[in-house]
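Here is the structure we will look at, set down as structure tokens.
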Amino acid sequence: MKVSDRTSGVEYVIRDIISYARKYESTGKKIIYLNIGDPVKYDFQTPPHIKAALIDAVMKDENYYADSEGVPELRKAIVEKESKKGFSVGDSDVLVTNGVSEGLDMSLASIVDSGTEVLMPGPYYPPYSSYVKFYGGKPVEFKLYEDGRPDMEDVVSKINSKSRAICIISPNNPTGEVFDRKGLQQIVDIASEHNLYVICDETYDSIVFGEEFTGIGRVARDSPIILLNGFSKGYLMTGWRCGYICLNSDSRKLDSLRENIPKLARVRISANLPVQMAAIQALRGPQDHIKEMVHKLCIRRDYIVKRLNAIDGISCRLPRGAFYVFPKIELDHRWRDDREFVLDLLNSTGVLTVQGSGFGTQFGAGHFRIVYLPNENVLEEAMDKLESFVSSSSK
Ligand SMILES: Cc1ncc(COP(=O)(O)O)c(C=O)c1O
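Mapping of the sequence shown onto the working numbering: position 73 corresponds to residue 73, and the numbering continues sequentially without gaps.
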């Protein structure tokens, strides 16, 4: 039977690689999973007061459809959070979604037409390009310097009459790099000059190491900014699926979008109600778990970066946020590309990572992504295996 041509462009390497892992596991061998950015699968658990709020909501029979735009009290709590980060937003400019993923889908569905080009940082989180392609558009990668700053010459050279939006992911997945104030300002300025939307994903805003996070709100003024954020990572609610879209209240250029995005929200009825009740408590309740999580992650980051840089043929920058590293591999004659490297590593050692080219063929190729959420013992075992794999391959 025929399936739509649209779906053929859809891919998600982070999960697609699992089929190879299953095959490997079916031979009775053990896998070390370093491929999915889900802290709740490792030793990070949803804080008890958030779990209690979910149970409470269910037991109080808050199990019906919510308002399509989201529970009013949650929208208020989101306004409080994002306003503190400097973003200008009122309750009516917040839309609660089933994860940031749905927020991204709705945003791109609302602005991408056939032939539209959307600029995104190279490398980027794969659904950005998948959704753009799904809606008939073309993803265009722009270059980031190694420290995460955008190469503005490259950005400018890629803007044309078909461009409609520039995406920012900060901290970024897969590099863990963070846009600084100057980089954000440069993107916002160039987008305003060329009448482009800015989609800014701050999913990892609470997971930054040793520095204050700067949100896009600090430089937004009246620019057409669509801010995406959610509860999966900082509040350890991955499986519950809750996120949101905020539109810059000071931007008149967003007025049509303000009318149109809620239509998509109505078609899918609503986000999960008991989870929204728990999300209110996530934002308003104790925040201690964040500090503990960042502390634990910082130790794991330092460990993995040190181990990676000690391997001949691998080099890795110290990321400033999130929980990923994106090392570069010297492929030379040993592997045809990063995908072959990742599959060879899996089949030889059981260590499962993701090929860099899945995060953008132009700037992701020649790298692989490692999730450093597991505890130090697991990371040590994985790094020992990687080290002997690379050194035996060079003989
Ligand atoms: C940059 C980025 N945005 C969005 C998401 C998806 O988040 P959610 O679980 O809220 O859909 C992820 C998940 O890894 C991510 O890394």
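Note that the Cβ used here is the ideal one computed from N, Cα and C, for glycine as well.
Computed from a predicted model, the values in this text were never measured in an experiment.
Query: Give me the residue from 95, 345, 324 and 8 with the minimum Cα distance to residue 136.; Result: 8
Query: Of the residues 174, 40 and 208, which one's Cα is nearest the Cα of residue 299?; Result: 208
Query: Considering only heavy atoms of ligand 1, does any lie closer than 6 Å to the CB of residue 169?; Result: yes
Query: Is the Cβ-Cβ distance between residue 280 and residue 73 less than 7 Å?; Result: yes
Query: If we require 4 or more residues per run, which alpha helix (DSSP H) segments fall completely within the region 82-138?; Result: 99-111 and 127-134
Query: My understanding is that residue 65 touches residue 270, with C-beta atoms under 8 Å, so please give their C-beta distance in whole angstroms.; Result: 5 Å
Query: Going by beta-carbon coordinates alone, are residue 122 and residue 362 separated by less than 7 Å?; Result: yes
Query: In three-state DSSP terms, what is residue 286?; Result: coil
Query: Does ligand 1 have even one heavy atom less than 6 Å from the beta-carbon of residue 70?; Result: no
Query: Mapping the DSSP letters down to three states, classify residue 341 as helix, strand or coil.; Result: helix
Query: At what residues does the beta strand (DSSP E) containing residue 195 begin and finish?; Result: Premise fails: residue 195 is in no beta strand (DSSP E) and is neither H nor E.
Query: Taking the Cβ atom as the reference point for each residue, do residue 173 and residue 324 lie within a distance shorter than 7 Å?; Result: yes
Query: I need the DSSP call for residue 359, collapsed to helix, strand or coil.; Result: helix
Query: Between residue 347 and the rest of its own chain, which residues show a CB-CB distance below 7 Å, the 5 nearest in sequence each way excluded?; Result: 24
Query: Here's the rule I'm using: 16 or more other beta-carbon atoms within 10 Å means buried, otherwise exposed. How should residue 45 be labelled?; Result: exposed
Query: Counting Cβ pairs closer than 8 Å, one from the region 384-391 and one from the region 147-164, do we hit at least three?; Result: no
Query: Out of 191, 57, 80 and 127, which one is the CA nearest neighbour of residue 156?; Result: 191
Query: Going along the chain, which residues put their C-beta within less than 6 Å of some heavy atom in ligand 1?; Result: 37, 99, 100, 101, 125, 169, 173, 201, 203, 230, 232, 238 and 243
Query: If you check the beta carbons only, do residue 118 and residue 139 fall under 7 Å apart?; Result: yes
Query: Identify the continuous beta strand (DSSP E) that holds residue 57 and give its terminal residues.; Result: Counting along the chain, residue 57 falls outside any beta strand (DSSP E), though it belongs to the alpha helix (DSSP H) covering 48-59.
Query: Can you name, in chain order, every residue of its own chain whose Cβ lies under 6 Å from the Cβ of residue 349, other than the five neighbours on each side?; Result: 385 and 389
Query: For residue 227, does the count of other Cβ atoms within 10 angstroms reach 16, so buried, or fall short, so exposed?; Result: buried
Query: Go ahead and pull the three-state DSSP assignment for residue 226.; Result: strand
Query: Please name the residue in 354, 343 and 187 whose C-alpha comes closest to that of residue 170.; Result: 187
Query: Which of the three DSSP states is assigned to residue 13 in this structure?; Result: helix
Query: Please name the residue in 259, 178 and 215 whose C-alpha comes closest to that of residue 107.; Result: 259
Query: Here's the rule I'm using: 16 or more other beta-carbon atoms within 10 Å means buried, otherwise exposed. How should residue 318 be labelled?; Result: exposed
Query: Please state whether the Cβ-Cβ distance between residue 372 and residue 284 is less than 7 Å.; Result: no
Query: If we call anything under 7 Å between Cβ atoms a contact, is residue 134 one with residue 10?; Result: yes
Query: Touch check for the region 244-253 and the region 33-49: three-plus C-beta pairs under 8 Å?; Result: no
Query: Is the beta carbon of residue 148 closer than 7 Å to that of residue 178?; Result: yes
Query: Can you name, in chain order, every residue of its own chain whose Cβ lies under 6 Å from the Cβ of residue 235, other than the five neighbours on each side?; Result: 282
Query: Of all the options 28, 37 and 2, which has the alpha carbon lying nearest to the alpha carbon of residue 14?; Result: 37
Query: Beta-carbon within less than 6 Å of residue 204's beta-carbon, same chain only, minus the 5 sequence neighbours each way: which residues are those?; Result: 171, 233, 321 and 322
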